[in-house]
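Undergrad: Chains as they are written, first to last, in the UniProt record's numbering: chain V, 1 to 235; chain Z, 1 to 235. This is the structure I have questions about; it appears just below.
2 protein chains.
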Amino acid sequence: MLELLYEGKAKKVYQTDKEDELILSYKDDATAFNGKKKAQFTGKGRFNNLITAHVFRYLTTEAIPHHFIETLNDTDQRVYKTSIIPIEVVVRNRSSYSLNNRLGIKEDAVFEPALVEWFYKNDALNDPLINDQHVFLLTDVSKEELNQIYELTLKINNALKRFFHQINLDLIDFKIEFGRNSAGEIILSDEISPDTCRLEDSYTKQHLDKDVFRQGTGNLLDVYQIILSRLEELS
Amino acid sequence: MLELLYEGKAKKVYQTDKEDELILSYKDDATAFNGKKKAQFTGKGRFNNLITAHVFRYLTTEAIPHHFIETLNDTDQRVYKTSIIPIEVVVRNRSSYSLNNRLGIKEDAVFEPALVEWFYKNDALNDPLINDQHVFLLTDVSKEELNQIYELTLKINNALKRFFHQINLDLIDFKIEFGRNSAGEIILSDEISPDTCRLEDSYTKQHLDKDVFRQGTGNLLDVYQIILSRLEELS
Ligand SMILES: Nc1ncnc2c1ncn2[C@@H]1O[C@H](COP(=O)(O)OP(=O)(O)O)[C@@H](O)[C@H]1O
Ligand SMILES: Nc1ncnc2c1ncn2[C@@H]1O[C@H](COP(=O)(O)OP(=O)(O)O)[C@@H](O)[C@H]1O
Ligand SMILES: [Mg+2]
Ligand SMILES: [Mg+2]
Chain V
1 MLELLYEGKA
11 KKVYQTDKED
21 ELILSYKDDA
31 TAFNGKKKAQ
41 FTGKGRFNNL
51 ITAHVFRYLT
61 TEAIPHHFIE
71 TLNDTDQRVY
81 KTSIIPIEVV
91 VRNRSSYSLN
101 NRLGIKEDAV
111 FEPALVEWFY
121 KNDALNDPLI
131 NDQHVFLLTD
141 VSKEELNQIY
151 ELTLKINNAL
161 KRFFHQINLD
171 LIDFKIEFGR
181 NSAGEIILSD
191 EISPDTCRLE
201 DSYTKQHLDK
211 DVFRQGTGNL
221 LDVYQIILSR
231 LEELS
Chain Z
1 MLELLYEGKA
11 KKVYQTDKED
21 ELILSYKDDA
31 TAFNGKKKAQ
41 FTGKGRFNNL
51 ITAHVFRYLT
61 TEAIPHHFIE
71 TLNDTDQRVY
81 KTSIIPIEVV
91 VRNRSSYSLN
101 NRLGIKEDAV
111 FEPALVEWFY
121 KNDALNDPLI
131 NDQHVFLLTD
141 VSKEELNQIY
151 ELTLKINNAL
161 KRFFHQINLD
171 LIDFKIEFGR
181 NSAGEIILSD
191 EISPDTCRLE
201 DSYTKQHLDK
211 DVFRQGTGNL
221 LDVYQIILSR
231 LEELS
């Protein structure tokens, strides 16, 4: 029996017998608005596990340092253990209703360069937006490291745009997390899936991401299936 | 009759017959929590008008560029007209309950260097916190100008700490606004008063600012009178 280290909203985290490796086990739960909206979708865990694996394998070819090792089965993947930096890094290539609500920036606004935002990863505080100075107060990230995170984030954005472009999806925005591995290096961690990206079909303009659940505008499983199918056709 | 250009929560703004000069007329209204809490205090306008005048006259001696020209009477002051940059610049030398609520930073935390935050001056959006990139999207402020605003802000903080120290007050935090004058220069505008500063008596640790109204912990007029009296004794 593996030791359960943490159960989050979307995944369970297990310690393996190697000190610096974990298993991320993707759950079928969907949550939105910091857990205020909840539902179960049988098969969602599998989609996010497999889609995330496709993404990270691509990021290897783009020389992005990351935690992913391999998928073990439909819902589980092996990753390098990191100590997670408690910042949710949000990258926006285009505005969306959430930015419109917060700052009044119109939904069709395009950001070039991409707009990068830090949020403090803290459910009790509702993941508040923070600035660079808050990062230094709230985490052990140095000025040089924050700059490194910023540069890496822009590289990841470019890589992800290319990745999703292959399956005719436009990347509107996404959320990533970084952690420090056992060598102290900052590497991309967590997941990259339709739970954490806003994706739009380049031709039909259909939204293919968790917004169908957040906004109640479509069937989550159908949409995640479309993405996985396109990725499997590709490879 | 002067033309009323704008009526805000705390002041009325009149155009004078000189194109680049305004009259700020301080009202007796107190508001908190973006106008959700309201009251009238006869004499408050006078206190803020006169206290602000003392502050800006001191800032002249510290070579801070600002809009203040002179007081005209108990409630009115003449200032250079600026086009206000829609950013509320907040400077924190120490934490407070609001930062504690937002980020969980303990109330007695001391910030050295001071923590500087930008908020988008927009009542309809509830003056949201923004980062540098949001500033560039939402205003016409350039990167160089934002840096200039930041440096000027630190200078103003140091000057204000010295100013209030003369009357045995510690400056916990404050909010300022900048505008562009007719020559295009960025200068300190608006007011600096117990409405916009958190001030603590260095010895008794009593709060001498609008928090007594916000929190319902004291009499606003008594507290503002104490500050004005100390300033008048000084000069
Ligand atoms: N490589 C890693 N090492 C350690 N923790 C990780 C790694 N990758 C992701 N995590 C963390 O594991 C948890 C995954 O579970 P999730 O359901 O996403 O949690 P949450 O509800 O906190 O978002 C997250 O807290 C995430 O920060
Ligand atoms: N020198 C100036 N030139 C033009 N506008 C100014 C100047 N100084 C302050 N203001 C603006 O005048 C208004 C003052 O009224 P106030 O009651 O403080 O308004 P608010 O409710 O917007 O805070 C503010 O909107 C402020 O930005
Ligand atoms: Mg998560
Ligand atoms: Mg004001």
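Where is the CB? At the ideal position from N, CA and C, for every residue including glycine.
1) Taking a cut of 9 Å between CB atoms, which residues from the stretch 97 to 124 of chain Z lie near chain V?
2) Enumerate, from N- to C-terminal direction, the unbroken alpha helix (DSSP H) stretches of 4 or more residues contained entirely within the stretch 46 to 127 of chain V.
3) Would a check of beta-carbon distances place L138 of chain Z closer than 8 Å to chain V?
4) Using the beta-carbon of each residue, which ones in chain Z are nearer than 7 Å to N131 of chain V?
5) Regarding V13 of chain V and ligand 1, is the C-beta to nearest heavy atom distance less than 7 Å?
6) The alpha helix (DSSP H) spanning I156 of chain V covers which residue range?
7) Please report whether the beta-carbon of P65 of chain Z lies at a distance below 8 Å from any beta-carbon of chain V.
8) At a cut-off of 7 Å, would you count K9 of chain Z as near ligand 4, judging by its Cβ distance to the nearest heavy atom?
9) Is I186 of chain V helix, strand or coil when you go by DSSP?
10) So is A114 of chain V buried or exposed if we call it buried at 16+ other beta carbons inside 10 Å?
11) What's the gap between the Cα of G43 of chain V and the Cα of S142 of chain V?
12) From the DSSP output, in three-state form, read off Q40 of chain V for me.
13) Thinking S96 of chain Z and R198 of chain Z are a contact (beta carbons under 8 Å), I'd like their distance in whole angstroms, please.
14) Among Z:L59, Z:T52, Z:L125, which one has its Cα closest to the Cα of R162 of chain Z?
15) Quick one, which residues of the stretch 48 to 63 of chain Z are near chain V if we go by CB-CB under 7 Å, in chain order?
16) Kindly indicate if chain V contains any beta-carbon less than 8 Å away from that of H134 of chain Z.
17) Shortest alpha-carbon distance to D211 of chain V belongs to which of V:Y203, V:T204, V:T153, V:T196?
18) Got a sec: does ligand 4 put a non-hydrogen atom nearer than 7 Å to the Cβ of D222 of chain V?
19) Return yes when the C-beta of D29 of chain Z is under 7 Å from any heavy atom of ligand 4, and no when it is not.
20) Nearest-angstrom Cα distance between N122 of chain Z and V90 of chain Z?
21) Could you tell me which residues DSSP puts in a beta bridge with F178 of chain V?
TA: Working from what's here:
1) Flagged, chain order: N101, R102, L103, G104, I105, A109, F111, P113, L115, V116, E117, W118, Y120, N122, A124.
2) Listed in chain order, the alpha helix (DSSP H) runs fully inside the stretch 46 to 127 of chain V are 97 to 103, counting runs of at least 4 residues.
3) As a position in the second sequence, residue 138 of chain Z is number 138, starting the count at 1. Yes, L138 of chain Z counts as interfacial toward chain V.
4) As a position in the first sequence, residue 131 of chain V is number 131, starting the count at 1. What N131 of chain V touches in chain Z: E117, N131.
5) The residue you call residue 13 of chain V lines up with position 13 of the first sequence. Yes, the beta carbon of V13 of chain V sits closer than 7 Å to at least one heavy atom of ligand 1.
6) The residue given as residue 156 of chain V occupies position 156 in the first sequence. The continuous alpha helix (DSSP H) containing I156 of chain V extends over residues 143 to 165.
7) In the second sequence, the residue the question calls residue 65 of chain Z occupies position 65. No, P65 of chain Z does not count as interfacial toward chain V.
8) The sequence position of residue 9 of chain Z within the second sequence is 9, counting from 1. For ligand 4, at least one heavy atom lies less than 7 Å from the Cβ of K9 of chain Z.
9) Residue mapping note: residue 186 of chain V aligns to position 186 of the first sequence, counting from 1. DSSP, read as helix, strand or coil, puts I186 of chain V in strand.
10) Within the first sequence, the letter at position 114 stands for residue 114 of chain V. Sixteen is the threshold: when 16 or more other Cβ atoms of the shown chains lie within 10 Å of the Cβ of A114 of chain V, as they do, the residue is buried.
11) Position 43 of the first sequence, counted from the start, is the residue given in the question as residue 43 of chain V. Position 142 of the first sequence, counted from the start, is the residue given in the question as residue 142 of chain V. C-alpha separation (whole angstroms): 40 Å.
12) Within the first sequence, the letter at position 40 stands for residue 40 of chain V. Look at Q40 of chain V here: in three-state DSSP terms it is strand.
13) Working through the second sequence from its first residue, we reach residue 96 of chain Z at position 96. Working through the second sequence from its first residue, we reach residue 198 of chain Z at position 198. S96 of chain Z to R198 of chain Z, Cβ: 6 Å. Contact.
14) Here residue 162 of chain Z corresponds to residue number 162 of the second sequence, with the count starting at 1. Closest by alpha carbon: Z:L59.
15) Cβ contacts with chain V come from no residue of the stretch 48 to 63 of chain Z.
16) Within the second sequence, the letter at position 134 stands for residue 134 of chain Z. Under the Cβ distance rule, H134 of chain Z counts among the residues neighbouring chain V, one pair being separated by less than 8 Å.
17) Residue 211 of chain V sits at position 211 when you count from the first residue of the first sequence. Residue nearest to D211 of chain V within the set V:Y203, V:T204, V:T153, V:T196 is V:T196 (criterion: CA-CA distance).
18) Indexing the first sequence from 1 puts residue 222 of chain V at position 222. Outside the cutoff, so no.
19) Position 29 of the second sequence, counted from the start, is the residue given in the question as residue 29 of chain Z. Taking 7 Å as the cut-off, the C-beta of D29 of chain Z does not count as close to any heavy atom of ligand 4.
20) Here the question's residue 122 of chain Z lines up with position 122 in the second sequence. Here the question's residue 90 of chain Z lines up with position 90 in the second sequence. Taking the CA atoms as reference points, N122 of chain Z sits about 15 Å from V90 of chain Z.
21) Walking along the first sequence from the start, residue 178 of chain V turns up at place 178. DSSP links F178 of chain V through a beta bridge to V:L188.
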